[in-house]
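With positions in the sequence shown counted from 1, the corresponding number in our numbering is that position plus 12.
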Amino acid sequence: SFHLNSSGKPEVKGVSTYYKHIGFRPLSTAVLNRMLELELNEFANVGNFNFMLNAPTDFPNTLVEVAFLSNPEDEQRIRDP
């Protein structure tokens with residue numbers, strides 16, 4: 013699933029991916045690597061978190077944070093891609 017991130021620091025920007033089960037890490041890494049190829053790499057993180065959004069399934073999944081709304085540049089990209 014795709015989401016928008018936020019931070020208390022407006023200079024933080026970029027993309028990240030998250031997975032719940034270790035077996036889903038390769039999918040999460042592949043998605044992040046593709047985003048890096050597209051030069052969306054300011055934040056660039058693969059993390060393991062217990063998000064409810066990706067917890068109730070045994071099917072491979074990843075949560076993708078595509079931008080930080082708290083960052084003016086990222087916000088502008090979302091408003092006018």
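Where a beta carbon is used, it is the ideal one built from N, C-alpha and C, also for glycine. Here the structure is a predicted model, which means the values were calculated and not measured.
Taking C-beta atoms as the reference points, K25 and D86 count as a pair closer than 7 angstroms. When the alpha-carbon of K32 is set against those of V78, T69, K21, the nearest one is in T69. Taking every protein chain shown into account, the CB of F61 has fewer than 16 other CB atoms within 10 angstroms, so this residue is exposed. Exclusion of the five residues before and after G59 leaves S28, Y30 as the residues of its chain whose Cβ lies within less than 7 angstroms of its Cβ. The beta carbon of T74 is closer than 6 angstroms to those of T29, Y31, L39, S40, V43 in its chain, skipping five residues each way along the sequence.
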